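Novice: Mature numbering (1 follows the signal peptide of the UniProt record, and there is no 0) puts the sequence shown at residues -17 to -1, 1 to 471. The beta carbon of each residue, even a glycine, is placed where N, CA and C say it ideally should be. These numbers were taken from a predicted model, which means no experiment stands behind them.
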Amino acid sequence: MFCREFIILCLIITTLSQPMYMYSRGQPRCYYGDRGSLTATCENATSGYFRATGYRFDNLDETVRCLHCNLDSVPTSAFDISGNHILNLDLQKSNITSMAPSSFVGLVYMETLNLAHNHIKNIVATTFRGIKKLIWLNLGYNEITILVRDGFSELGNLTTLYLNDNAIKNVDANAFNKLSALEELYLQNNFISSLDNVFFGLTSIKVIDMHNNSLLLLKPADINSTTVLDLNLAQNKLRSLDDGAISAPTLEALNVSSNEIETIKQGAFKGCKQLEYIDLENNKINQLNQYTFVRLYNLKLINLARNYLPVLQTSMFTHLPELRYLNVSYNRIKGLQRGGVLPLHNLHSLDLSHNQLKYLDYKSLFEHAPRLVLINLENNSLPCYIVEEMLEFFKEDNIEFSIDDKYGKINETCNATVVLRPDDVPDAETAKLEANTVETKSSSPNEYVMYSLIFILIGLVSVLFYLQYKIHMQLKFGHQDIAEVGLM
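#1: Which of helix, strand or coil does DSSP assign to C367?
#2: Assign L279 to buried or exposed, taking buried as 16 or more other Cβ atoms, counted over all protein chains shown, within 10 Å of its Cβ.
#3: Under 8 Å by Cβ, that's how I've got L343 and L365 pegged, so tell me the actual separation to the nearest angstrom.
#4: Please classify Q229: does DSSP put it in a helix, a strand, or coil?
#5: Would you kindly work out how many angstroms separate the C-alpha atoms of L330 and N272, rounded to a whole number?
#6: Could you tell me the alpha carbon to alpha carbon distance between A217 and E305, rounded to whole angstroms?
#7: Who are F384's beta bridge partners in DSSP?
#8: With 16 as the cutoff for other CB atoms within 10 Å, does Q339 come out buried or exposed?
#9: Return the chain-ordered list of same chain residues with a C-beta closer than 6 Å to the C-beta of T420, the five sequence neighbours on each side being excluded.
#10: When the distance is taken between beta carbons, is T36 closer than 9 Å to P70?
#11: Per DSSP, what kind of secondary structure is G318 in: helix, strand or coil?
#12: If you reduce the DSSP assignment to three classes, tell me which class residue 486 lands in.
#13: Which residue comes first and which comes last in the beta strand (DSSP E) that contains R18?
#14: Taking only three categories from DSSP, how would you classify T109?
#15: Run the CB neighbour count on E264, radius 10 Å, all protein chains shown included, and call it buried at 16 or more, exposed below.
#16: Identify, in the order they occur along the chain, each residue of the same chain with its Cβ nearer than 7 Å to the Cβ of E126, setting aside the five sequence neighbours on each side.
#17: Mapping DSSP to helix, strand and coil, what is F(-12)?
#18: In whole angstroms, what separates the C-alpha of D406 from that of N310?
#19: Quick check on this structure: which residue in L146, D73 and Y313 has the alpha carbon closest to the alpha carbon of N173?
#20: Hey, P341 and K317 are a contact pair by Cβ (cut 8 Å); roughly how many whole angstroms apart?
#21: Keeping to the same chain, check which residues put their C-beta closer than 6 Å to that of I261; ignore five residues upstream and five downstream.
#22: State the DSSP-derived secondary structure class of S298, mapped to helix, strand or coil.
#23: Y452 by DSSP, collapsed to three states: which one?
Next comes the structure, spelled out in structure tokens:
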């Protein structure tokens, strides 16, 4: 009985799924979209269908898109369609596995080509022959493992190239040869471990995105573009930035966050005179040379959050007249070391949250950064008296503090242990001495209880001594009186 019901259920499911299957695997066809859309849609097409179809592609078919297509291996001249004026060809999710040389010859007007979300494994040197007007190409989300020499050399007018989310491990020298018009290159989410001057010849490049790759080292010749504005190298495996690692005179934004950087050598950003933004968050930096950012006169924002810095040295930033935002949150900062000849006149925002500050020479800080309007001190170990002093000192100024909620009411929940107030961060010997020298500004409730008990105990002992002394004297004089009575 159960078996018969199960068989009937399977038949019902098969019957219900039949129309959907027939639709998705139906006869190939092309049709024009809504009036004025200038878009033709081709359904269930194979790679040989476009030249065999009776549909006439004319000047109204500026955009052609594939739906439920199964193009597999695209042969030579697959789109050599007489009379076409196709500007945009959308072949994403069309099950393409390979493309022969001159696959798109005949599409002489084409400007954009979308090949994303397929199964393409390689690009041969002459794949894109005959489509010289192409300016936008998307090869993202495929299975490409290597970029060969001159793979895109036919695309002299290309301005935007997406190669993200593939499996690229190797990029041959001159892989982007003759792409003199290319402005944006997206290589994120691949497995590239070295560059070896692969960007040579990109004389118009402005954006390079290589985040989430496997880069281990940057050599001086790797990033020496004279046109790049935005460089993203986040989420790689860089351990250091050596002298001349990045030499790009037009670079404005640099992201090297979430690497494994421990050291940044002097001259690492040599020549980056236009740099305005640098993101170094989530690395392993424990020390910075005072000349690390030297000559970066246009630098406005530095993000050093989530590193291992033990002290904030103002001398590291004294060469930056335009610095406005500095984030050093989530480090191990215990103190401020003031240094440098030039003050930070334009610093507006300082984030010191989630550190280990027990003391802050706020007067010296604001003397060095007179235009500071926002300071974040959340999750530190500042004593109550410093917070009170700061609030009082700056109550007339337009300065916004971000402090833990516990400081809203200065009470026993504050950290009341106060260390000595140093003029600057002490050296090792001084720190050792100061570690054993603690000055208490105020006592905790437990200390009050302890002192009270001691005073009570001393009082009780005093009373007992007094009573014992009084009894002794009474006994002494009592015996003397008795003796005198006997003589009488």
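Specialist: In brief:
#1: helix
#2: buried
#3: 6 Å
#4: For the record, residue 229 in the displayed sequence is Ile; it is not Gln. Strand at I229.
#5: Taking the Cα positions, L330 is about 20 Å away from N272.
#6: 24 Å
#7: I358
#8: exposed
#9: For T420, the predicted structure reports a pLDDT of 32, less than 50, and the residue's modelled location is therefore unreliable. The matter cannot be settled from this model.
#10: The sequence given here has Leu at residue 70, not Pro. The Cβ atoms of L70 and T36 do not sit closer than 9 Å to each other.
#11: strand
#12: Residue 486 is absent from the structure shown; the chain starts at -17 and stops at 471.
#13: Counting along the chain, R18 falls outside any beta strand (DSSP E), and DSSP gives it neither H nor E.
#14: Taken through DSSP and simplified to helix, strand or coil, T109 comes out as coil.
#15: buried
#16: H102, I103, K104, N149 and A150
#17: Here F(-12) scores only 47 on pLDDT, less than 50, and its place in the model should not be relied on; the value that follows carries that caveat. Of the three classes helix, strand and coil, the one that applies to F(-12) here is helix, per DSSP.
#18: Confidence at D406 is low in this model, with a pLDDT of 43, below 50, so the placement of that residue should be treated as unreliable; the coordinate-derived value is given next. Each residue's alpha carbon lies about 23 Å from the other.
#19: L146
#20: The displayed chain sequence assigns Lys, not Pro, to residue 341. At roughly 7 Å, the Cβ-Cβ gap stays under 8 Å, so K341 and K317 are in contact.
#21: Its chain contains L237 and I285 as the residues whose beta carbon lies nearer than 6 Å to that of I261, once the 5 sequence neighbours on both sides are disregarded; these appear in chain order.
#22: helix
#23: It is helical.
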